[in-house]
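One structure is given below, encoded as C-alpha coordinates.
In this note's numbering, the protein residues as written are 55 to 238.
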(Lines of atoms letter the chains of each structure in order from A; the text may use other names.)
(Lines give C-alpha, C1' and ligand atoms only; values in the text may rest on other atoms or scores of the structure.)
Protein backbone atom coordinates (compact mmCIF):
# COMPACT_ATOMS: atom_id res chain seq x y z
CA UNK A 55 0.00 0.00 0.00
CA UNK A 56 1.27 3.43 -0.83
CA UNK A 57 0.47 5.45 2.28
CA UNK A 58 2.84 7.71 4.17
CA UNK A 59 3.38 6.66 7.75
CA UNK A 60 3.86 9.58 10.12
CA UNK A 61 4.98 7.88 13.33
CA UNK A 62 1.73 6.07 14.18
CA UNK A 63 -0.47 8.17 11.88
CA UNK A 64 -1.45 7.14 8.36
CA UNK A 65 -2.01 9.78 5.69
CA UNK A 66 -5.47 9.14 4.24
CA UNK A 67 -5.84 12.42 2.36
CA UNK A 68 -6.10 10.49 -0.92
CA UNK A 69 -8.95 8.29 0.36
CA UNK A 70 -12.42 9.52 -0.70
CA UNK A 71 -15.66 8.93 1.15
CA UNK A 72 -18.18 10.29 3.62
CA UNK A 73 -16.46 9.22 6.87
CA UNK A 74 -13.93 11.19 8.90
CA UNK A 75 -10.20 10.93 8.30
CA UNK A 76 -9.88 9.22 11.70
CA UNK A 77 -12.39 6.53 10.64
CA UNK A 78 -10.41 6.03 7.42
CA UNK A 79 -7.19 5.67 9.45
CA UNK A 80 -8.77 3.09 11.76
CA UNK A 81 -10.07 1.10 8.78
CA UNK A 82 -6.68 1.18 7.08
CA UNK A 83 -4.78 0.24 10.25
CA UNK A 84 -7.03 -2.78 10.83
CA UNK A 85 -6.81 -3.78 7.15
CA UNK A 86 -2.99 -3.51 7.26
CA UNK A 87 -2.89 -5.65 10.40
CA UNK A 88 -4.90 -8.43 8.75
CA UNK A 89 -2.83 -8.31 5.54
CA UNK A 90 0.37 -8.28 7.62
CA UNK A 91 3.80 -8.92 6.05
CA UNK A 92 5.31 -11.57 3.81
CA UNK A 93 7.18 -13.07 6.76
CA UNK A 94 4.02 -13.46 8.83
CA UNK A 95 1.10 -13.96 6.47
CA UNK A 96 0.06 -15.80 3.33
CA UNK A 97 -0.51 -13.51 0.35
CA UNK A 98 0.84 -10.37 2.01
CA UNK A 99 2.83 -9.47 -1.11
CA UNK A 100 -0.46 -9.06 -2.98
CA UNK A 101 -2.44 -7.73 -0.02
CA UNK A 102 0.01 -4.89 0.57
CA UNK A 103 -0.61 -3.67 -3.01
CA UNK A 104 -4.36 -3.27 -2.43
CA UNK A 105 -4.99 0.47 -2.29
CA UNK A 106 -7.91 1.80 -0.27
CA UNK A 107 -9.52 4.55 -2.36
CA UNK A 108 -12.93 5.12 -0.76
CA UNK A 109 -14.76 4.51 2.55
CA UNK A 110 -18.46 5.22 3.11
CA UNK A 111 -21.09 4.63 5.78
CA UNK A 112 -24.72 5.28 4.88
CA UNK A 113 -27.68 5.58 7.25
CA UNK A 114 -25.32 5.45 10.22
CA UNK A 115 -28.07 5.93 12.81
CA UNK A 116 -30.56 3.36 11.51
CA UNK A 117 -31.01 -0.40 11.38
CA UNK A 118 -30.22 -0.13 7.66
CA UNK A 119 -26.69 1.21 8.28
CA UNK A 120 -24.30 0.11 5.55
CA UNK A 121 -20.51 0.23 5.27
CA UNK A 122 -18.67 0.22 1.95
CA UNK A 123 -15.02 0.16 0.98
CA UNK A 124 -13.41 0.37 -2.44
CA UNK A 125 -9.91 -0.91 -3.17
CA UNK A 126 -7.88 -0.85 -6.38
CA UNK A 127 -5.09 -3.08 -7.63
CA UNK A 128 -3.39 -3.84 -10.95
CA UNK A 129 -3.14 -7.49 -11.98
CA UNK A 130 0.50 -8.55 -12.15
CA UNK A 131 2.15 -11.82 -13.19
CA UNK A 132 2.44 -13.10 -9.59
CA UNK A 133 -1.38 -12.96 -9.33
CA UNK A 134 -2.07 -15.00 -12.47
CA UNK A 135 -2.51 -18.59 -13.58
CA UNK A 136 -0.74 -20.23 -16.54
CA UNK A 137 -3.21 -18.54 -18.93
CA UNK A 138 -2.19 -15.03 -17.86
CA UNK A 139 -5.45 -14.32 -16.04
CA UNK A 140 -6.15 -13.61 -12.38
CA UNK A 141 -5.88 -16.90 -10.47
CA UNK A 142 -9.05 -17.91 -8.63
CA UNK A 143 -7.12 -18.40 -5.41
CA UNK A 144 -5.70 -14.90 -5.66
CA UNK A 145 -9.19 -13.47 -6.25
CA UNK A 146 -10.45 -15.28 -3.16
CA UNK A 147 -7.47 -14.04 -1.14
CA UNK A 148 -8.15 -10.39 -2.10
CA UNK A 149 -11.88 -10.68 -1.46
CA UNK A 150 -11.28 -11.97 2.08
CA UNK A 151 -9.77 -8.82 3.67
CA UNK A 152 -11.55 -6.41 1.31
CA UNK A 153 -15.01 -7.75 2.15
CA UNK A 154 -14.26 -7.77 5.88
CA UNK A 155 -13.12 -4.15 5.63
CA UNK A 156 -16.72 -3.05 4.93
CA UNK A 157 -17.80 -4.81 8.14
CA UNK A 158 -14.98 -3.19 10.12
CA UNK A 159 -15.96 0.24 8.82
CA UNK A 160 -19.62 -0.30 9.73
CA UNK A 161 -18.71 -1.77 13.12
CA UNK A 162 -16.52 1.21 13.91
CA UNK A 163 -19.30 3.61 12.89
CA UNK A 164 -21.93 1.96 15.10
CA UNK A 165 -19.63 1.13 18.02
CA UNK A 166 -19.13 -2.63 17.73
CA UNK A 167 -16.26 -4.91 16.69
CA UNK A 168 -16.80 -5.68 12.99
CA UNK A 169 -13.88 -8.12 12.74
CA UNK A 170 -14.23 -11.88 12.62
CA UNK A 171 -12.99 -15.11 11.12
CA UNK A 172 -14.31 -16.59 7.88
CA UNK A 173 -17.27 -18.89 8.18
CA UNK A 174 -18.05 -19.23 4.47
CA UNK A 175 -17.18 -17.54 1.21
CA UNK A 176 -19.16 -18.11 -1.97
CA UNK A 177 -17.47 -16.83 -5.13
CA UNK A 178 -18.76 -16.70 -8.69
CA UNK A 179 -16.33 -16.01 -11.52
CA UNK A 180 -17.95 -14.16 -14.43
CA UNK A 181 -15.07 -13.05 -16.65
CA UNK A 182 -11.28 -13.34 -16.54
CA UNK A 183 -9.05 -10.40 -15.65
CA UNK A 184 -5.81 -10.41 -17.65
CA UNK A 185 -2.33 -9.25 -16.63
CA UNK A 186 -2.32 -5.46 -16.61
CA UNK A 187 -6.01 -5.10 -15.77
CA UNK A 188 -6.84 -2.39 -13.24
CA UNK A 189 -9.32 -3.88 -10.80
CA UNK A 190 -11.76 -2.15 -8.50
CA UNK A 191 -12.93 -4.23 -5.51
CA UNK A 192 -16.19 -2.92 -4.05
CA UNK A 193 -17.27 -4.39 -0.72
CA UNK A 194 -20.58 -3.65 1.00
CA UNK A 195 -21.75 -4.84 4.39
CA UNK A 196 -24.98 -6.83 4.39
CA UNK A 197 -25.57 -7.87 7.98
CA UNK A 198 -24.17 -7.60 11.50
CA UNK A 199 -26.06 -9.33 14.30
CA UNK A 200 -24.40 -10.59 17.48
CA UNK A 201 -21.38 -12.60 16.34
CA UNK A 202 -22.44 -13.09 12.70
CA UNK A 203 -21.43 -10.74 9.90
CA UNK A 204 -21.78 -10.90 6.10
CA UNK A 205 -20.66 -8.77 3.18
CA UNK A 206 -21.03 -8.67 -0.58
CA UNK A 207 -18.00 -8.09 -2.78
CA UNK A 208 -17.62 -7.35 -6.49
CA UNK A 209 -14.41 -7.30 -8.52
CA UNK A 210 -14.63 -5.05 -11.57
CA UNK A 211 -12.29 -4.54 -14.52
CA UNK A 212 -13.61 -1.26 -15.91
CA UNK A 213 -17.25 -1.97 -16.75
CA UNK A 214 -16.77 -5.76 -16.74
CA UNK A 215 -17.82 -7.69 -13.66
CA UNK A 216 -15.17 -10.37 -13.04
CA UNK A 217 -16.03 -11.91 -9.66
CA UNK A 218 -18.85 -11.63 -7.12
CA UNK A 219 -18.79 -13.01 -3.61
CA UNK A 220 -20.76 -13.31 -0.39
CA UNK A 221 -18.51 -13.61 2.66
CA UNK A 222 -19.85 -14.68 6.04
CA UNK A 223 -17.74 -14.24 9.16
CA UNK A 224 -18.19 -14.89 12.84
CA UNK A 225 -16.69 -12.88 15.67
CA UNK A 226 -15.81 -15.30 18.49
CA UNK A 227 -14.58 -12.40 20.65
CA UNK A 228 -17.86 -10.45 20.83
CA UNK A 229 -18.83 -9.84 24.44
CA UNK A 230 -20.93 -6.69 24.13
CA UNK A 231 -24.71 -6.67 24.04
CA UNK A 232 -26.36 -8.15 20.97
CA UNK A 233 -26.62 -5.35 18.39
CA UNK A 234 -28.50 -5.80 15.14
CA UNK A 235 -27.64 -3.89 11.98
CA UNK A 236 -29.00 -5.10 8.68
CA UNK A 237 -30.01 -3.94 5.22
CA UNK A 238 -32.60 -6.67 4.68
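Glycine is no exception: its CB is placed at the ideal position from the N, C-alpha and C atoms.
Model, not experiment: these values are computed from the prediction.
Residues bridged to residue i [DSSP beta-bridge criterion]
i, result
"residue 192", "124, 208"
"residue 164", "Residue 164 is not bridged to any residue."
"residue 139", "184"
"residue 220", "176, 206"
DSSP three-state assignment for residue i, whether helix, strand or coil
i, result
"residue 76", "helix"
"residue 155", "helix"
"residue 134", "strand"
CB contact flag (residue i, residue j, <7 Å)
i, j, result
"residue 123", "residue 90", "no"
"residue 183", "residue 129", "yes"
"residue 109", "residue 73", "yes"
"residue 177", "residue 211", "no"
"residue 196", "residue 205", "yes"
Burial state of residue i (16 or more Cβ within 10 Å)
i, result
"residue 115", "exposed"
"residue 135", "exposed"
"residue 208", "buried"
Which complete alpha helix (DSSP H) runs does the segment 80 to 112 hold, if anything under 4 residues is left out? List check, alpha helix (DSSP H) in window: 98 to 101.
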